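Take the sequence shown: its position 293, counting from 1, is numbered 853 in this note's numbering, and each next residue is one higher.
Below: the structure, in structure tokens.
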Amino acid sequence: MIINKKCLSTLFALRVNPLFRNDNDLCWLINHFQIETIDFGDIPISSIELLMKTKRIRNPNFYPIIKNGLLNELNASEIFKKVTHLKLYKRTEEDQINEMKNVNNLILKYYKSFIHLNYLEGDLELVLYFLSRYTNYGREKFIKIPSTLLIYSLNGNAIELKKSNIELIQKIESLIPDNQIINFYIIFDNNAKKELFKSQVTRSWYRRISYELNEQWNKNVICDGGCCILFKRLVDNSMNELLNKMYPKELIFEEITTTTKWDIPSYITTIHINYSSKTTHWKFKPTLRFIKELFMNQIDFIIISSSLENLQQMFLCSCQESTFQNCEMKSLKRIRIINSFHLNFYKCSYGSLEELTIINSGGVHFTNLIKSLKKIELVNSRRLTIPFEHEQDNIFTFYIESCSEVHLSPNILKLLNLKSNHHEFSNTFYFPPIKEYQNKHLFTFNKFISFSNDIEVIEDSIRRIKDKNSMEEYDLIVSRDFGTFANYYKKQMFSTIQGEVYHLKGIRYIEITVVGNSWISIGCIDEENYECTISSQLGWLKNSIGFHSDDGKVYLESTYKTIAQGLAYGNKVGQTNIIGIGYDCFNEEIFYTINGCFWKKFKIPWRNVAVAISFGKFHPIQINSGRKPFLFDNRQIFSELLYNS
């Protein structure tokens, strides 16, 4: 059950263990219930108080509270003795290799404290290390071994079926008593040898379905979170017998080499088509009539001509030379195209299309007339053909930034008050017009553009429209031209809550209101060189800097080295903090403010600086780009910046 304040009496009457979904629910839970067992489901734990008040703990993610020092050698033994289900992780990212090592070291040091452990899951080497000590190298295996063991990775990567890995597995098997009570499972990646792992003790499972391996593997394919992965060659309806047993809602096609006609079952509503090495055009033949979401990533030369009558949203990323041909898309509401080139929508029908977003792309052409659009966003793109005609009763918004060779219908050009041969949009264009953007001498911020299908930007508010399946997936929004040589001479207007107004040349600044518990990073990127489609927090990748809400650290082009320690502004439930980020164009410096007070500045040698925010799980946040007074009003700092400008 999801906790709601109104259902308190019902919960007491039913005597059930409630399921909480966020930290507000969690706090309410502590105050109103004597907690017996909590299954965290890998959600990061931010409250040591919750662990103290809980009798039994399942699937805890100790990473945040060990990282922040709340869980340490003084209380580890008391907490660990409550754990019944434990997962031991390893990571491949450099920052998390070090951080997770600290977490695992504490767990391994106090292995004797896990007196109620009955389920253990994790990385092959870590589990072996833990079990060796936990069972006193097998001497106490009949007493202490957990009843269920699951291995799914080796050093953070998928497990391959090779000799060295089998030897590690056999060492774990030697720690398991031969009493038919212990369940030991291991998940392998597929391999080219078409071999199965054979063991009397271990039950093996596999991550991906492939036609060549159908007879040997398919009885042991894992359906993770309602998602199946299909690999390489796919053939006809023979796949459906297996899919009917697993009943997934989502299919991922990876590195597809050949396809034939195949009726994809109606219970599958989401399709991902990823990674193609094709160099000539090829036809994707499975029928897609029942799917509601289509995601394509790094796909070239594909031709899709299937009916897409139930499709509601389409997301194309890093695709080239691809065509949708004669597709019926009567239910399609949303298309997002990012980093893609030479895409054609030829004679497709889309009577319900409301949103079209094209970012960093070129050569995108629609042939059939579109009448239902309510929102168009075109950013840093060229050679676009969009035959859109505005119907009188429809209200729509139009945003275009740094685009060229954009071909719109005469009806739209007239509505936008543009000439019939207007195809170039070197500056930012809004419709309906925004008053403050009409003054060409003042700097005005470009709209924040989402590089994800799961984040929605509505004016100054950012919210998540789809929950993440993984704690390691991040979304990004970007406002381009935050600091560039081309606009440094323009002045930005600053107003303070005291009513004072400043106009500063070459100084850019915004404020973001963050409500805990939110896992975000606020920073800047080199917009010419940063890869916006990679899932990452700001500052972890090259050409980015980010101030992180969970630990208050500033990362610069590194996942493990930090350059400053500040306020962990997003890790306390119910607490609101206002983080400001600015850029001094003259000195090439980024500066931060915290709750109205100047904090730090950092030298950044990038030519074109964009301001950005990256999101994990978060509460809705607000962005103030100057339409409201800023909390930051330090006159001395303003005077210094004014003097410099």
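The beta-carbon is built from N, C-alpha and C at its ideal position, and this holds for glycine as well.
Owing to the predicted nature of the structure, the values given are computational and were not obtained by experimental measurement.
- Using a Cβ-Cβ cut-off of 6 Å (strictly less than) and excluding sequence neighbours within five positions of aspartate 673, which residues of its own chain qualify? Along the sequence shown, read from residue 1 onward, the residue named residue 673 stands at position 113. In the sequence as presented, aspartate is not what sits at residue 673; that position holds serine. Within the same chain, Ser637, Phe640, Lys641 come within 6 Å of serine 673 by CB-CB distance, once the 5 residues on both sides are set aside.
- Query: Does DSSP put arginine 849 in a helix, in a strand, or in coil?
  - Reply: Numbered from its first residue, the sequence shown carries residue 849 at position 289. In the structure shown, arginine 849 adopts coil according to DSSP, grouped into three states.
- Message: Based on DSSP bridge pairs, tell me the residues matched to serine 1055.
- Response: Translated into the one-based positions of the sequence shown, residue 1055 becomes position 495. The partner list for serine 1055 (beta bridge, DSSP) reads Val1061.
- Opening and closing residue of the alpha helix (DSSP H) in which methionine 806 lies: Here residue 806 corresponds to residue number 246 of the sequence shown, with the count starting at 1. Here the alpha helix (DSSP H) through methionine 806 covers 799-806.
- Please classify threonine 839: is it buried, with 16 or more other beta-carbons within 10 angstroms of its beta-carbon, or exposed? Mapped onto the sequence shown, residue 839 falls at position 279. Looking at its Cβ environment, which holds fewer than 16 other Cβ atoms inside 10 Å, threonine 839 is exposed.
- Query: At what residue ranges does the stretch 698-745 contain a whole run of the alpha helix (DSSP H), taking only runs of 4 or more?
  - Reply: When DSSP assignments are scanned along the stretch 698-745, the uninterrupted stretches of alpha helix (DSSP H) that are 4 or more residues long and fall wholly within it turn out to be 701-704, 723-733.
- If you run the structure through DSSP and keep just helix, strand and coil, what is arginine 763? What you label residue 763 is simply residue 203 of the sequence shown in a count that begins at 1. Correct three-state label for arginine 763: strand.
- Candidates Arg849, Gly1112, Phe1178, Val1133, of which the one nearest serine 866 by Cα: In the sequence shown, the residue the question calls residue 866 occupies position 306. Answer by Cα proximity: Arg849.
- Message: For glutamate 609, tell me which candidate among Lys627, Leu589, Ser1012 has the shortest Cα-Cα distance.
- Response: In the sequence shown, the residue the question calls residue 609 occupies position 49. Closest by alpha carbon: Leu589.
- Reduced DSSP category for methionine 874 - H, G, I as helix; E, B as strand; rest coil: Here residue 874 refers to the residue found at position 314 of the sequence shown. Note: methionine 874 maps to strand in three-state DSSP.
- Message: According to DSSP, simplified to helix, strand and coil, what is serine 900?
- Response: As a position in the sequence shown, residue 900 is number 340, starting the count at 1. DSSP places serine 900 in coil when its eight states are reduced to three.
- Extent of the continuous alpha helix (DSSP H) run through arginine 693: In the sequence shown, the residue the question calls residue 693 occupies position 133. Unbroken alpha helix (DSSP H) run through arginine 693: 684-694.
- Query: Under 8 Å, do serine 858 and serine 878 count as touching if we go by C-beta distance?
  - Reply: For the purposes of this step, residue 858 is taken as the residue at position 298 of the sequence shown. For the purposes of this step, residue 878 is taken as the residue at position 318 of the sequence shown. Note that residue 858 is glutamine in the sequence shown here, rather than serine. For glutamine 858 and serine 878, yes; Cβs fall inside 8 Å.
- Taking the continuous alpha helix (DSSP H) assigned at isoleucine 613, which residues delimit it? Taking the sequence shown and counting its residues from 1, the one referred to as residue 613 is at position 53. Just to set this straight, residue 613 is lysine in the shown sequence, not isoleucine. In the DSSP assignment, lysine 613 falls within the unbroken alpha helix (DSSP H) covering 608-613.
- Can you have a look at alanine 718 and say buried or exposed, based on whether 16 or more other CB atoms are within 10 angstroms of its CB? Reading the sequence shown from its first residue, position 158 is the one you call residue 718. The residue is exposed, with fewer than 16 neighbouring Cβ atoms inside 10 Å.
- Message: If we require 3 or more residues per run, which beta strand (DSSP E) segments fall completely within the stretch 1065-1095?
- Response: Correct list: 1067-1075, 1080-1086.
- Task: Hey, could you find the ends of the beta strand (DSSP E) isoleucine 617 is sitting in?
- Result: Against the sequence shown, residue 617 aligns to sequence position 57. From DSSP, the beta strand (DSSP E) with isoleucine 617 extends over 616-618.
- Across which residues does DSSP place asparagine 512 in a beta bridge pair? With the chain represented from 561 up to 1205, any question about residue 512 goes unanswered, as that position is not in the structure.
- Query: Ends of the alpha helix (DSSP H) at serine 637?
  - Reply: The sequence position of residue 637 within the sequence shown is 77, counting from 1. In this chain, the alpha helix (DSSP H) harbouring serine 637 covers 636-640.
- Where isoleucine 828 falls: helix, strand or coil (DSSP): Residue mapping note: residue 828 aligns to position 268 of the sequence shown, counting from 1. Annotated three-state conformation of isoleucine 828 is coil, per DSSP.
- Query: Which stretch, first to last residue, makes up the alpha helix (DSSP H) that contains lysine 974?
  - Reply: Along the sequence shown, one-based indexing puts residue 974 at 414. Taken as a continuous stretch (DSSP letters only), the alpha helix (DSSP H) holding lysine 974 covers 970-975.
- Item | For asparagine 797 and isoleucine 824, the rounded distance between their alpha carbons | The residue given as residue 824 occupies position 264 in the sequence shown. The residue given as residue 797 occupies position 237 in the sequence shown. The alpha-carbon atoms of isoleucine 824 and asparagine 797 are separated by roughly 8 Å.
- Please confirm whether glutamate 814 and phenylalanine 791 have their CB atoms less than 8 Å apart. Working through the sequence shown from its first residue, we reach residue 814 at position 254. Working through the sequence shown from its first residue, we reach residue 791 at position 231. In this structure, phenylalanine 791 lies closer than 8 Å to glutamate 814 by Cβ.
- Message: Please give me, in chain order, every unbroken run of the beta strand (DSSP E) with length at least 3 that falls completely inside the stretch 973-1028.
- Response: Segments of the beta strand (DSSP E) lying fully in the stretch 973-1028: 985-991, 1015-1018, 1021-1024.
- Query: Opposite asparagine 857 in the DSSP bridges: which residues?
  - Reply: As a working note, residue 857 is residue 297 in the sequence shown. Under the DSSP definition of a beta bridge, asparagine 857 partners with Asn834, Cys877.
- Task: State the DSSP-derived secondary structure class of serine 1039, mapped to helix, strand or coil.
- Result: Position 479 of the sequence shown, counting from 1, holds the residue named residue 1039. Strand, per DSSP.
- Return the chain-ordered list of same chain residues with a C-beta closer than 8 Å to the C-beta of asparagine 886, the five sequence neighbours on each side being excluded. Residue 886 sits at position 326 when you count from the first residue of the sequence shown. In its chain, beyond the 5 residues on either side, Ser865, Tyr906, Lys907, Cys908 have a beta carbon closer than 8 Å to the beta carbon of asparagine 886.
- Terminal residues of the continuous beta strand (DSSP E) containing lysine 1160? Looking up residue 1160 in the sequence shown gives position 600. Where lysine 1160 is concerned, the enclosing beta strand (DSSP E) starts and stops at 1157-1163.
- Message: Only counting the same chain, and skipping five residues up and downstream in sequence, which positions put a Cβ closer than 8 Å to that of phenylalanine 1162?
- Response: As a position in the sequence shown, residue 1162 is number 602, starting the count at 1. Within the same chain, and ignoring the five residues on either side of phenylalanine 1162 in sequence, the residues whose Cβ sits closer than 8 Å to its Cβ are Ile1105, Val1114, Leu1116, Ile1123, Ala1124, Glu1149, Ile1150, Phe1151.
- Query: Once you ignore the five residues that flank leucine 611 on each side, which residues in its own chain have a CB closer than 6 Å to its CB?
  - Reply: Against the sequence shown, residue 611 aligns to sequence position 51. Around leucine 611, the same chain offers Ile639 as residues with beta carbons nearer than 6 Å, after the five sequence neighbours per side are excluded.
- Item | Pick from Ile1018, Phe702, Asn904 that is closest to asparagine 928, judged by C-alpha positions | The count along the sequence shown starts at 1 and reaches residue 928 at position 368. Relative to the Cα of asparagine 928, the nearest Cα in the group Ile1018, Phe702, Asn904 belongs to Asn904.
- Message: For a test of the three-state rule: what should DSSP assign to tryptophan 842, helix, strand or coil?
- Response: Residue numbering aside, residue 842 sits at position 282 when the sequence shown is read from its first letter. Looking at tryptophan 842 - three-state DSSP - the assignment turns out to be strand.
- Query: For the candidate residues Tyr1062, Phe985, Val1074, Gln1052, whose alpha-carbon lies nearest to that of aspartate 1020?
  - Reply: Residue 1020 sits at position 460 when you count from the first residue of the sequence shown. Measuring from the Cα of aspartate 1020, the nearest candidate turns out to be Val1074.
- Once you ignore the five residues that flank isoleucine 732 on each side, which residues in its own chain have a CB closer than 6 Å to its CB? Here the question's residue 732 lines up with position 172 in the sequence shown. For isoleucine 732, the CB contacts under 6 Å within the same chain, skipping 5 residues up- and downstream, are Leu688 in chain order.
- Do you know offhand how far serine 962's Cα is from tyrosine 1143's? Within the sequence shown, residue 962 is the residue found at index 402, counting from 1. Within the sequence shown, residue 1143 is the residue found at index 583, counting from 1. Their Cα atoms are separated by approximately 21 Å.
- Between the CA atoms of leucine 1036 and valine 1169 - distance to the nearest angstrom: Here residue 1169 corresponds to residue number 609 of the sequence shown, with the count starting at 1. Here residue 1036 corresponds to residue number 476 of the sequence shown, with the count starting at 1. Valine 1169 and leucine 1036 have their alpha carbons spaced roughly 15 Å apart.
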